[in-house]
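The numbering used here numbers the first residue of the sequence shown as 64 and each following residue consecutively. In this text, a Cβ means the ideal position worked out from N, Cα and C, and glycines have one as well.
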Amino acid sequence: MSESAECLAIVTGAGRGIGRATALRLAEDGFRVIVVDRDPGNADHVAGEIRNHGGMAEPRVLDVTDRAAVRKEYAGVVEQYGRIDALVNNAIWLKYAPLVDFDESLVDGMFAIGIKAVLWGMQAVVPTMTAAGVGAIVNLSSPAAFRGGPGTSVYSTVKGAVTSLTTQAAVELGPLGIRVNAIIPGSIPTEGARQHVSNATYAARGDSVPLRRNGTPEDIADGIAYLLSPRAAYVNGHLLAVDGGYLVS
Ligand SMILES: NC(=O)c1ccc[n+]([C@@H]2O[C@H](COP(=O)([O-])OP(=O)(O)OC[C@H]3O[C@@H](n4cnc5c(N)ncnc54)[C@H](O)[C@@H]3O)[C@@H](O)[C@H]2O)c1
Numbered sequence: 064m065s066e067s068a069e070c071l072a073i074v075t076g077a078g079r080g081i082g083r084a085t086a087l088r089l090a091e092d093g094f095r096v097i098v099v100d101r102d103p104g105n106a107d108h109v110a111g112e113i114r115n116h117g118g119m120a121e122p123r124v125l126d127v128t129d130r131a132a133v134r135k136e137y138a139g140v141v142e143q144y145g146r147i148d149a150l151v152n153n154a155i156w157l158k159y160a161p162l163v164d165f166d167e168s169l170v171d172g173m174f175a176i177g178i179k180a181v182l183w184g185m186q187a188v189v190p191t192m193t194a195a196g197v198g199a200i201v202n203l204s205s206p207a208a209f210r211g212g213p214g215t216s217v218y219s220t221v222k223g224a225v226t227s228l229t230t231q232a233a234v235e236l237g238p239l240g241i242r243v244n245a246i247i248p249g250s251i252p253t254e255g256a257r258q259h260v261s262n263a264t265y266a267a268r269g270d271s272v273p274l275r276r277n278g279t280p281e282d283i284a285d286g287i288a289y290l291l292s293p294r295a296a297y298v299n300g301h302l303l304a305v306d307g308g309y310l311v312s
């Protein structure tokens, strides 16, 4: 895969936060970006931002938990452009709560977006990447997969599963020419994350991270762009922490 204007990347949950920054960054690298989000206004807005900066982007309003819809939408992309070079499984919806308070619908909803949608996305792009003999996938892990915290039982379960799925898929898909890696964002105060983390907690986190600040969506986008680039041609099954040193502190 090269960073030519020919390459096409799909980024899920690209309407805001880390997904938005990733879509913008990949467009700067020359990818045509399919901006997937369930929020039509945000998907349109981000695709417009990219085009205004001279990049190539199209919005796609899609619920990535709907396996049939994902397959149909991504097949449409292949029909239109003949390729999918990169997939970033970024979309998320989450709740923090005490372990004993999670009811079935909450758990089902978090598993659907956090785990099953990642699998549906990979299933939908692997045949095209296999036919091309090349492709790259980045999944979004989290420090929560490795470290517990108050209320994070189900989110940690989700990200633990995504992490295992990533390393397993790297082994299974590597021989087909498809690299699968995960990024582990540190503390990134996005619109979504701010619904669960107070300003005071963010201030304390920033002070305790070895690099003495919280991260930005652009920090994470740079890591994802690297993992999708030819510079990472021999990187497969890697979990890249972009966290200011949090996990090793
Ligand atoms: N922000 C952090 O501190 C942090 C830390 C570690 C890992 N992560 C991971 O990074 C990723 C992005 O996090 P964020 O903070 O930018 O999230 P966010 O909540 O700000 O954005 C998530 C996006 O996903 C979209 N989305 C939700 N459900 C969807 C669905 N069913 N179909 C399509 N789109 C859907 C939302 O509309 C939204 O645009 C997530 O996987 C998250 O777990 C974030």
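Report buried or exposed for residue i, applying the criterion of at least 16 other Cβ atoms within 10 angstroms of its Cβ.
| i | result |
| --- | --- |
| residue 238 | exposed |
| residue 137 | buried |
| residue 135 | exposed |
| residue 83 | buried |
| residue 273 | exposed |
| residue 110 | buried |
| residue 351 | Only positions 64 to 312 of the chain appear in the structure, and residue 351 is not among them; the question remains open. |
| residue 234 | exposed |
| residue 264 | exposed |
| residue 262 | exposed |
| residue 275 | exposed |
| residue 292 | buried |
| residue 250 | buried |
| residue 294 | exposed |
Report back the beta-carbon spacing between residue i and residue j to the nearest angstrom; my notes put them in contact at under 8 Å.
| i | j | result |
| --- | --- | --- |
| residue 247 | residue 206 | 6 Å |
| residue 200 | residue 243 | 5 Å |
| residue 298 | residue 290 | 6 Å |
| residue 178 | residue 221 | 6 Å |
| residue 189 | residue 236 | 7 Å |
| residue 245 | residue 182 | Rounded, the Cβ-Cβ distance is 14 Å, inconsistent with contact. |
| residue 85 | residue 241 | That pair is no contact at about 19 Å. |
- Query: Are the segment 69-87 and the segment 147-156 touching by the rule of at least three beta carbon pairs closer than 8 Å?
  - Reply: As far as the Cβ criterion goes, the segment 69-87 touches the segment 147-156, which means the pair count is three or higher.
- What are the uninterrupted segments assigned as beta strand (DSSP E) that are 3 or more residues long and contained completely in the segment 92-180, given in chain order? Taken in chain order, the complete beta strand (DSSP E) segments of 3 or more residues contained in the segment 92-180 are 95-100, 119-124 and 149-152.
- Message: With three or more C-beta pairs closer than 8 Å as the rule, is the segment 113-132 touching the segment 82-102?
- Response: Verdict: yes, contact present.
- Within the segment 274-309, ranges of the alpha helix (DSSP H) (whole runs, at least 4 residues): You should have 280-291.
- Contact between the segment 294-308 and the segment 217-231 (3+ Cβ pairs under 8 Å): At 8 Å Cβ cutoff, the stretches touch.
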